[in-house]
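Undergrad:
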Amino acid sequence: QVQLVESGGGLVQAGGSLRLSCAASGRTFSSLGWYRQAPGKEREFVARIISWTTTYTDSVKGRFTISRDNTKNTVYLQMNSLKPEDTAIYYCNARDTVGGRTDYWGQGTQVTVSS
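Per my numbering, the sequence shown starts with residue 205, numbered consecutively.
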């Protein structure tokens, strides 16, 4: 049974930093990502790491860094220079692409950036 557990969210002032962690259990994934959902908005892509290749949405490029530690089966999202518009619930995603596409989701962690 796959389980994704996020941690590291919280309240921070604009310009500050937070590091989110997502520990996966049950199996390993080459494709791991982060999404976020702000109040009243749809869930949106933030970043993904496939093996060691990373991609980011334009609004976080240069500020956020996704990384992974395969020994701990964990993916991280380092968020620097945070802005109020980064406020959202952040969700960890693990993607299985064998025989189709199956997405697994964590429970989400709240990130609030005050101005």
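Just so you know, even glycine gets a beta-carbon here, dropped at the ideal spot from N, CA and C.
Treat the numbers as computed from the prediction; the structure is a model and nothing was measured.
Quick check: what's the CA-CA separation for N277 versus N297?
TA: Cα to Cα, N277 sits roughly 13 angstroms from N297.
Undergrad: Give every residue of the same chain whose Cβ lies closer than 6 angstroms to the Cβ of S279, excluding the five residues on either side of it in the sequence, and list them in chain order.
TA: The sequence given here has Val at residue 279, not Ser. Closer than 6 angstroms at Cβ, skipping near neighbours: C226, L236, R272.
Undergrad: Can you look up V264 in the DSSP assignment and give me helix, strand or coil?
TA: Here V264 sits in helix by DSSP.
Undergrad: Is there contact here, the region 304-311 with the region 206-215, by at least three beta-carbon pairs under 8 angstroms?
TA: The answer is yes - the region 206-215 touches the region 304-311, with three or more Cβ pairs under 8 angstroms.
Undergrad: Within the continuous beta strand (DSSP E) that includes G237, where are the two ends?
TA: G237 -> beta strand (DSSP E) spans 235-241.
Undergrad: Looking at the secondary structure, which residues open and close the beta strand (DSSP E) in which S301 lies?
TA: In the sequence as displayed, the identity of residue 301 is Thr instead of Ser. Per DSSP, T301 belongs to no beta strand (DSSP E) and is neither H nor E.
Undergrad: Please report how far the alpha carbon of R231 lies from the alpha carbon of T313, in whole angstroms.
TA: Distance between the alpha carbons of R231 and T313: 22 angstroms.
Undergrad: Once the 5 residues before and after G220 are set aside, which same chain residues still bring their CB inside 7 angstroms of it?
TA: Here the set comprises L286.
Undergrad: If you count every other CB in all the chains shown that lies within 10 Å of the CB of W238, and 16 or more means buried, which is it?
TA: When all chains shown are included, W238 counts as buried.
Undergrad: Looking at the secondary structure, which residues open and close the beta strand (DSSP E) in which G214 lies?
TA: Note, G214: beta strand (DSSP E), 214-217.
Undergrad: What number of angstroms, rounded off, separates the C-alpha of F249 from the C-alpha of S234?
TA: So the two alpha carbons sit approximately 17 angstroms from each other.
Undergrad: So Q217 packs on I293, CB below 8 angstroms; how close in whole Å?
TA: Incorrect: roughly 19 angstroms between the Cβ atoms, too far for contact.
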